[in-house]
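One structure is given here, and the rest of the page talks about it.
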Amino acid sequence: MRIFDPHIHMTSRTTDDYQAMYDAGVRALVEPSFWLGQPRTSPASFFDYFDALLGWEPFRASQYGIAHHCTLALNPKEANDPRCTPVLDALPRYLVKDSVVAVGEIGYDSMTPAEDHALAAQLQLAADHGLPALVHTPHRDKLAGLHRTIDVIRESHLPPEHVLLDHLNETTVKAATDSGCWAGFSIYPDTKMDEDRMVTILKNHGIEKMLVNSAADWGRSDPLKTRKVADAMLKAGFTEDDVDQVLWRNPVAFYGQSGRLQLDAPAPDALHEGNSILRGGE
35 MRIFDPHIHM TSRTTDDYQA MYDAGVRALV EPSFWLGQPR TSPASFFDYF DALLGWEPFR
95 ASQYGIAHHC TLALNPKEAN DPRCTPVLDA LPRYLVKDSV VAVGEIGYDS MTPAEDHALA
155 AQLQLAADHG LPALVHTPHR DKLAGLHRTI DVIRESHLPP EHVLLDHLNE TTVKAATDSG
215 CWAGFSIYPD TKMDEDRMVT ILKNHGIEKM LVNSAADWGR SDPLKTRKVA DAMLKAGFTE
275 DDVDQVLWRN PVAFYGQSGR LQLDAPAPDA LHEGNSILRG GE
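Numbering-wise (the working numbering), the sequence shown opens with residue 35 and increments by one.
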């Protein structure tokens with residue numbers, strides 16, 4: 035079984051997680067830039083973070099045979115902080131990097147005018163750079179936020195087939211799929227979706243343009259949820275080909291629109307900028 039996790043925050047995970055993911059079948063992933071849990075105080079902190087997603091994390095992933103890609107953006111939560119909004123002006127120099135396969139995560143957190151501006155501006159950046167967009171639907175007022183998101187997408191120059199609407203659930207899946215966008219689901223131990231609910235959605239709405247991810251941030255989460263969804267699909271009567279479509283071919287098709295996917299993990303280097311992942315040895 036081969037698995038492509040299309041949304042996982044490996045910056046918050048350990049090297050043991052990389053090993054466990056490889057053992058479970060994960061061979062490629064996309065790490066979106068996101069809020070780190072406390073406010074950033076300047077654009078420079080974003081730039082260091084972006085550099086890590088472009089360098090250190092691909093290096094770590096390569097040690098375990100996993101191809102690492104990323105998406106970069108000003109996230110919705112910090113779009114409200116004027117200390118952070120200059121990131122929008124700096125993004126173009128990062129969006130040309132080879133391993134950047136989308137603009138994201140963008141979207142809404144509290145649905146403020148500042149978030150309206152950041153979402154529209156970054157959809158335009160995606161269109162200008164020939165990249166798809168990974169869009170975060172809000173955790174609160176999710177359906178209202180989804181409709182507002184779809185309205186902004188329709189007003190943009192980015193076609194809906196280049197947009198992945200993520201963090202969906204039973205209340206938002208129909209509106210998302212009706213929009214022509216791709217549909218993403220984050221599977222968590224306690225919140226958002228679980229694997230059994232995900233299987234029910236796939237039974238009711240089909241497997242076309244559906245993506246499943248583990249997100250796996252710094253809260254209680256599980257980087258093996260993609261494999262657990264695959265196993266639950268097989269138990270529920272889906273075929274191995276169905277599983278391959280949802281867990282591999284669909285994310286490859288969506289992010290492949292960037293023209294930048296490299297699905298074979300590079301040969302691991304011993305060092306990254308003079309550093310290894312080893313401690314206490316050579």
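Backbone N, C-alpha and C fix where the C-beta goes; we use that ideal spot for every residue, glycine too.
| Item | Value |
| --- | --- |
| Assign Q97 to one of two classes, buried (16 or more other C-beta atoms within 10 Å of its C-beta) or exposed (fewer than that). | buried |
| Using a threshold of 8 angstroms, state whether the C-beta atoms of V137 and L165 are closer than that. | yes |
| According to DSSP, V64 sits in a beta bridge with which residue or residues? | H103 |
| If we ignore side chains and look at the alpha-carbon of each, how far apart do F38 and K208 end up? | 24 angstroms |
| Excluding the 5 residues preceding and the 5 following A154 in the sequence, name in chain order all residues of the same chain whose CB lies nearer than 7 angstroms to its CB. | V186, S190 |
| With a threshold of 8 angstroms on Cβ separation, who are the neighbours of A19 within its own chain once the five nearest residues in sequence on each side are excluded? | Residue 19 falls outside the range modelled here, since the chain spans only 35 to 316, and no answer is possible. |
| Where do the ends of the alpha helix (DSSP H) carrying W252 lie? | Where W252 is concerned, there is no enclosing alpha helix (DSSP H), given that its DSSP letter is neither H nor E. |
| Between the alpha carbons of L168 and K176, how many angstroms are there, rounded? | 16 angstroms |
| Express the C-alpha separation of L63 and E316 in angstroms, rounding to a whole number. | Any reading at E316 is ruled out, since the residue's pLDDT is 47, under 50, leaving its predicted position unreliable. |
| Return the chain-ordered list of same chain residues with a C-beta closer than 8 angstroms to the C-beta of L255, the five sequence neighbours on each side being excluded. | In the sequence as displayed, the identity of residue 255 is Ser instead of Leu. Around S255: Y222, P223, S248, A249. |
| Would you report the Cα separation of G59 and N203, rounded to the nearest angstrom? | 25 angstroms |
| Among P73, W252, T183, which has the Cα closest to the Cα of M145? | T183 |
| So what does DSSP say about A270, is it helix, strand or coil? | coil |
| With C-beta atoms as the reference, is K131 less than 8 angstroms away from L88? | yes |
| Tell me the DSSP bridge mates of I37? | V60 |
| Figure out for me which residue from I100, A113, L159 has the closest Cα to the Cα of T148. | Note on residue identity: the sequence assigns Ala, not Thr, to residue 148. Cα-wise, what sits closest to A148 is A113. |
| Going by the beta-carbon positions, is the gap between Q296 and A101 smaller than 8 angstroms? | yes |
| By Cβ distance below 7 angstroms, which residues in the same chain neighbour N284 in space, the five residues on each side in sequence not counted? | K243, M244, L245 |
| Determine the DSSP secondary structure at M227, reduced to helix, strand or coil. | strand |
| Looking at C-alpha atoms only, which residue of A86, R174, V280 is the closest neighbour of G240? | V280 |
| If contacts are defined as beta-carbon pairs under 8 angstroms, then A217 and L199 qualify, I think. What distance do you get, rounded to the angstrom? | 6 angstroms |
| For D143, does the count of other Cβ atoms within 10 angstroms reach 16, so buried, or fall short, so exposed? | buried |
| Where does W69 sit, in a helix, a strand or coil, going by DSSP? | coil |
| Given this structure, state the Cα-to-Cα distance separating D57 from H151, to the nearest angstrom. | 42 angstroms |
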